[in-house]
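Read through the structure below, which is laid out as structure tokens, and then see the notes.
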Amino acid sequence: MGKSEIYEKKLRLVEKLSLLTEEWGQPRIAGQIMSWLMICNPPHQSFSQLVEHLQVSKASVSTMTRLLLKGGLIEKVRISGERAIHFRITDDAWMNLLESELQAVTTLREVSKEGLELLEQDNDTDLSRLKEMHHFYSFIGRRLPSLIDEYKKEHFN
């Protein structure tokens with residue numbers, strides 16, 4: 034298999050992963066950047082390289098790298114002898130993502146509990162769906178921290 038065939042396969046994988054990212058409610062270009070940074074060699078890419086390989090605008094790369102930096106999924110790296118800033122996936126990107134999700138789970142559990150308390154005396158409200166939401170996020174909120182801890186012990190020790 035030639036280099037151009039491999040490159041095309043990489044781009045197809047990037048596209049597939051970015052479409053999943055979009056289906057999950059995140060910007061497609063953020064998914065393209067993350068996907069490319071997962072498979073590129075070297076593991077760091079300059080702003081210009083991201084624009085070139087992904088065939089997206091400079092503005093999109095600028096906006097999405099800021100978003101991914103803020104989320105702790107990528108980081109800036111300096112390459113000796115080069116002026117350009119490079120980006121790479123952080124070593125704990127997936128852990129950062131899951132811990133962010135845990136915060137959302139906690140918030141959803143708290144809001145559903147508050148809703149149940151506010152509406153418990155209202156006979157004109159069907160609370161079954163709100164109760165199910167609260168039970169679900171309570172369960173996930175109890176289980177997710179132990180999974181995170183288990184993963185950290187297994188992969189970071």
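If you read the sequence shown in this note's numbering, its first letter stands for residue 34, the second for the next number, and so on.
Ideal Cβ positions, reconstructed from N, Cα and C, are used throughout, including at glycine.
Note that the structure is a prediction, hence the values are computed from the model and not measured.
Contact set for Glu-191: own chain, Cβ-Cβ below 8 Å, skip 5 residues either direction: Since the first residue of the chain shown is 34 and the last is 190, residue 191 is not available in this structure.
Simplified DSSP state of Val-110, which is helix, strand or coil: If DSSP states are grouped into helix, strand and coil, Val-110 belongs with the strands.
Whole-angstrom distance between Phe-189 and Leu-131, CA atom to CA atom: Rounded to whole angstroms, Leu-131 to Phe-189 spans 15 Å at the Cα level.
Euclidean distance between Cα positions of Pro-178 and Leu-135: In a straight line, the C-alpha of Pro-178 is about 8 Å away from that of Leu-135.
Boundaries (first-last residue) of the alpha helix (DSSP H) holding His-86: Taken as a continuous stretch (DSSP letters only), the alpha helix (DSSP H) holding His-86 covers 80-87.
Strand pairing of His-167, partner residues [DSSP]: According to DSSP, His-167 bridges with nothing at all.
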